Structures are given as structure tokens and as C-alpha cells.
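In the numbering used here, the protein residues as written are 5 to 323. Ideal placement from N, C-alpha and C gives every residue a C-beta, glycine not left out. If you're wondering where the values come from, they're calculated on a predicted model, not measured in any experiment.
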Amino acid sequence: MSSKLVYRTLRPVLSSSVQFSGLGTGPGIRGHIISHLPTVRFFGSDASSPVSGNNQPENPIRTVDGKVISTYWGIPPAKITKPDGSAWKWNCFQPWDSYKPDVSIDVTKHHKPSNFTDKFAYWTVQTLKIPVHLFFQRKHMCHAMLLETVAAVPGMVGGMLLHLKSLRRFEHSGGWIKALLEEAENERMHLMTFIELSQPKWYERAIVFTVQGVFFNAYFLAYVISPKLAHRITGYLEEEAVNSYTEFLDDIDAGKFENSPAPAIAIDYWRLPKDATLRDVVYVIRADEAHHRDINHYASDIQFKGHELKEAPAPIGYH
């Protein structure tokens with residue numbers, strides 16, 4: 005049977021399946037509109053889009069400045085709009101990834117070290133923050149960028165190792181893989197926000213490159229040896245992040261740091277009002293860090309009690 009005949013035979017079934025599953029053009033996720041789906045293809049090795057007489061796809065993908073992006077596979081991006089009908093401009097996250105942060109969380113909480121592992125984790129973090137504070141002092145924007153490049157590492161490492169463990173043992177993770185990867189992505193979005201406000205200098209990039217390389221490998225080994233220690237270290241790191249952003253807010257309120265308008269990416273990601281300022285951004289980021297603090301201390305407590313993370317449901321979507 006030829007590929008064309010197979011396609012003609014299956015097309016009615018495919019069409020009805022797509023309509024039944026709600027994948028056609030229409031209301032998208034959480035009230036947003038998804039107005040295009042890629043074309044289904046069968047058998048052929050040439051998956052390029054249909055071309056017109058000028059050898060360009062019928063609906064070419066274009067950059068912001070109008071240049072055509074050639075694509076062998078012919079998979080155009082979904083056209084997504086905001087609830088007000090305006091185009092969604094971000095590729096690094098989608099409307100359903102945005103959220104209203106819970107800023108009611110207590111930002112003053114501190115986990116008091118009660119055993120050798122806790123004390124080791126606490127004093128490790130206290131030792132690491134000394135050179136950071138000496139270098140950055142009150143340079144909050146530079147400090148924040150370095151902080152976020154480091155803070156995004158633990159969630160990725162923990163999620164990766166739990167993912168591999170789940171595959172080896174043929175077992176569920178209790179949602180902790182997703183929770184930790186959510187944390188890593190949230191931290192990365194913090195960094196993308198600060199990049200919009202200040203471009204790092206060459207020596208700051210060099211510091212990030214070095215610190216990230218050292219910290220990733222050290223944290224990887226720590227997580228392999230003792231996940232409860234690794235999560236406790238992250239919990240204390242997040243406590244210091246909360247303290248750092250509190251100082252940032254204090255300096256903004258005191259007029260020592262300009263309270264500039266919030267970047268567009270922050271307004272869309274945290275669903276802030278259009279007239280939001282830098283203070284609003286720092287305020288919600290501090291709340292995020294407080295949530296990360298609690299999640300990691302909670303994960304460590306679970307393991308200190310002799311349980312595995314999978315035995316307790318993970319707080320997914322906490323931010």
C-alpha cells in the first residue's frame with residue numbers, strides 16, 4: 005500500500021481524534037489562544053514545508069526583523085496570544101508558566117542547626133558568603149546575577165539525579181523531580197530578568213563561569229553522598245538569598261538604588277501590573293527564594309526522619 009493511500013485512509017480518523025482531544029484551533033491553556041498546530045506527516049523522509057515558486061515555505065517562520073528562518077522539518081511555532089489579544093513575545097516561557105507569586109510567606113524563618121549535618125551545612129554556607137560579600141558589598145544587581153547563576157544549580161542537579169534513580173529503580177519520584185526542576189527554572193527566570201536590567205561585565209562572567217563549574221561538581225558529589233546534606237545546604241543558601249534581597253529592598257526604599265521600571269519579561273512572568281517597578285520585582289523574587297528555602301529544608305527533614313522523598317508528596321507549583 006502506498007504512503008498516499010495510507011494517509012487518505014487514516015486522515016478521517018486522525019481528524020476526528022484531534023477534534024475529540026481538543027487539539028484543534030480554539031481556546032488554549034488557561035484562556036490563551038493557540039492558533040496553529042504543526043502538520044502531521046507520514047513515511048516520507050523529506051519533511052520540509054510545501055514550497056511556492058520562489059522556493060520558500062508557504063508560511064515561513066520569520067525573525068523580528070522579518071528575515072525568513074529556513075526549516076527542513078517545517079514545524080512552525082504555535083501562535084499564542086495574551087487574554088487581551090496581543091501577541092505573546094517570549095519564547096523562553098509560555099503564558100501558562102507565568103503565575104501570581106505568594107508573597108504572604110514568612111521571609112524571616114530560619115532553620116536552627118540541631119545536629120552535626122545541619123551545623124556543617126550552615127557553616128559551609130556562612131563561609132562561602134564571606135568572599136561574596138567582600139567582593140560585591142552593596143552592588144546588588146551584580147550580586148543578584150551571580151546569586152541566581154548558582155541558585156539555579158541545586159534544583160537541576162537534584163532533579164537530574166532523582167530522574168536517573170527513578171529510571172534505575174523503575175519507580176515514581178513522588179513528584180520531586182518536577183518540583184526540583186521547577187525550582188531550577190524559576191531561578192533561571194530570575195537571572196533572565198536581571199539580565200534585562202544590567203549586562204554583566206567580562207570579569208563578572210568569568211567569576212560566574214568559575215563558580216558555576218566548581219559549585220556544580222561539588223554539589224553533585226554532595227547529593228550523591230548525602231541528599232539530606234545537599235538539600236540542607238540549599239535551604240541555608242536560600243536563607244541567605246532572602247537576606248540579600250531584603251537588603252536590596254532596604255536600599256531601594258532608602259533611595260540608595262534607583263527604583264527603575266520593571267522589565268517587560270518580569271511583568272509577564274509574575275503577572276505584575278504594567279506600572280510595576282524594580283522594587284516589585286525584587287519583592288516577588290524574595291518570596292520565590294523563601295519558597296525554595298522551605299522546600300529544601302522540608303526535603304532534608306523527610307530524609308533525616310529515615311524516609312525517601314517519594315514517600316511524601318512534592319509541593320509542585322508552589323510558586
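Residues near residue i by beta carbon distance below 6 Å, same chain, minus five either side
i: GLU191; result: GLU152, ALA155, ALA156
i: PHE140; result: CYS146, HIS147
i: LYS232; result: SER304, GLN307, PHE308
i: TYR126; result: PRO117, TYR240
Residue burial classification, residue i (beta-carbon count within 10 angstroms, cutoff 16)
i: GLN307; result: buried
i: THR131; result: exposed
i: LEU171; result: exposed
i: ILE271; result: buried
i: VAL72; result: exposed
i: GLY217; result: exposed
i: VAL68; result: exposed
i: ARG142; result: exposed
i: ALA258; result: exposed
i: LEU225; result: exposed
i: ARG66; result: exposed
i: ARG297; result: buried
i: GLU262; result: exposed
i: ASP292; result: buried
Three-way DSSP call (helix, strand, coil) for residue i in this model
i: HIS36; result: The predicted position of HIS36 is uncertain, since its pLDDT is 46 and thus under 50; no value can be drawn from it.
i: ALA1; result: A query on residue 1 cannot be resolved here, the shown segment of the chain reaching from 5 to 323 and no further.
i: GLY310; result: coil
i: SER304; result: helix
i: ALA318; result: coil
i: LEU276; result: coil
i: SER248; result: helix
i: ILE119; result: Reading the sequence as shown, one finds Asn at residue 119 and not Ile. In this structure, ASN119 counts as coil in the three-state DSSP scheme.
i: ILE109; result: coil
i: CYS146; result: helix
i: GLU186; result: helix
Beta-bridge pairing of residue i - partner residues as DSSP gives them
i: ARG66; result: VAL72
i: THR281; result: PRO265
i: ALA91; result: THR85
Rounded straight-line distance, which links the Cα of residue j to that of residue i
i: GLU244; j: VAL111; result: 11 Å
i: LEU185; j: GLY163; result: 6 Å
i: LYS116; j: MET149; result: 28 Å
i: THR197; j: GLY310; result: 39 Å
i: ILE320; j: TRP180; result: 8 Å
i: LYS314; j: ASP254; result: 40 Å
i: ARG34; j: ILE229; result: Low confidence applies here, because ARG34 scores a pLDDT of 43, under 50, leaving its location unreliable and the question unanswered by this model.
i: TYR103; j: HIS176; result: 27 Å
i: SER56; j: GLY70; result: The predicted position of SER56 is uncertain, since its pLDDT is 43 and thus under 50; no value can be drawn from it.
i: TYR227; j: GLY89; result: 45 Å
i: PHE97; j: GLN203; result: 21 Å
i: ILE269; j: THR214; result: 28 Å
i: VAL246; j: ILE134; result: 16 Å
i: THR238; j: ASN300; result: 6 Å
i: THR121; j: LEU165; result: 21 Å
i: ASN119; j: GLU312; result: 19 Å
Contact set for residue i: own chain, Cβ-Cβ below 7 Å, skip 5 residues either direction
i: TYR223; result: VAL157, PRO158, VAL161, ALA234
i: ILE289; result: HIS194, TYR249
Beta-carbon proximity list for residue i, same chain, < 8 Å, skipping 5 on both sides
i: PRO267; result: THR197, GLU200, LEU201, VAL285
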